[in-house]
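Asker: In numbering that gives the first Met the number 0, the protein residues as written are 0 to 155.
Cβ atoms here follow ideal geometry from the backbone N, Cα and C, with glycine treated the same way.
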Amino acid sequence: MARKRFDDSQCSVARALNEVGDWWSLRIVLHAMYGTRRFVDFQQQLGIARNILCDRLAKLVDNGVLKKVDVGEHGSRFEYRLTDKGRDLFPVVIALRQWGDKWNPAEPSAPLDLRDRATGRPIRPVAVQDADGQALTIRDVFLPESPAGANGTDPT
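Next up, the structure:
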């Protein structure tokens, strides 16, 4: 049975999941954020089958999340580098990591200690904020009336 695609969905979350919403794609993006660039390194670090890695890398390149760069002097040798679109997934990946550390921690290891390069201080938890920078929860937001008929629905 083929997986349903959401290319034409009105839901931006569904459309985003079309591009990066599977286990391997997000892990590849995460490792690219850590600096992994070569096919062999992705394969070794992730323990992923070659055919699956080929498929996911091609999909991420086709969707503009990664770009494939020829870095070979003799013959062809390629690296996979994050595009601006791929780098924009940084807060998404960090939010998933923080959520996982809170709700599904890997015992007994400590959560990843990610720090600000400029100050050396730990990063804050990712949060949705209002225009003044105050943290919001799902109970603090609503969907205003829209042409599609969302009519101020409370998302909770």
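Please check the pair R36 and E78, which I expect to be a contact at CB under 8 Å, by giving their CB distance rounded to whole angstroms.
Answerer: That belief holds up - the Cβ atoms of R36 and E78 are roughly 4 Å apart, short of 8 Å.
Asker: Between L88, D54, R55, Q9, which lies nearest to Y33 when the distance is taken from Cα to Cα?
Answerer: For Y33, the nearest C-alpha among the options comes from L88.
Asker: Do you know how far the Cα of D129 is from the Cα of D69?
Answerer: So the alpha carbons of these two residues sit roughly 43 Å apart.
Asker: Ends of the beta strand (DSSP E) at D69?
Answerer: Its beta strand (DSSP E) spans residues 65-69.
Asker: In this structure, how does DSSP classify P90 when only helix, strand and coil are distinguished?
Answerer: Helix at P90.
Asker: Between which two residues does the alpha helix (DSSP H) containing L56 stretch?
Answerer: Note, L56: alpha helix (DSSP H), 49-61.
Asker: Can you tell me where the alpha helix (DSSP H) with L81 in it begins and where it stops?
Answerer: It is not in any alpha helix (DSSP H) - L81 instead sits in the beta strand (DSSP E) that spans 77-81.
Asker: In chain order, what residues of the same chain lie with their CB nearer than 7 Å to the CB of V19, ignoring the 5 residues before and after it?
Answerer: Excluding sequence neighbours, V19 sits near L25, V28, V64, L88.
Asker: Report the rounded CA-to-CA distance for C53 versus S11, giving the unit in angstroms.
Answerer: So the two alpha carbons sit approximately 26 Å from each other.
Asker: Any idea what DSSP makes of R26, helix, strand or coil?
Answerer: Of the three classes helix, strand and coil, the one that applies to R26 here is helix, per DSSP.
Asker: Straight-line CA distance for L142 to A13?
Answerer: For L142 and A13, the distance between alpha carbons rounds to 17 Å.
Asker: Quick one: using the 10 Å Cβ neighbour count with 16 as the cut-off for buried, is R55 buried or exposed?
Answerer: That one is buried.
Asker: Is L81 near A31, with beta carbons less than 8 Å apart?
Answerer: Taking 8 Å as the Cβ cut-off, L81 and A31 qualify as a contacting pair.
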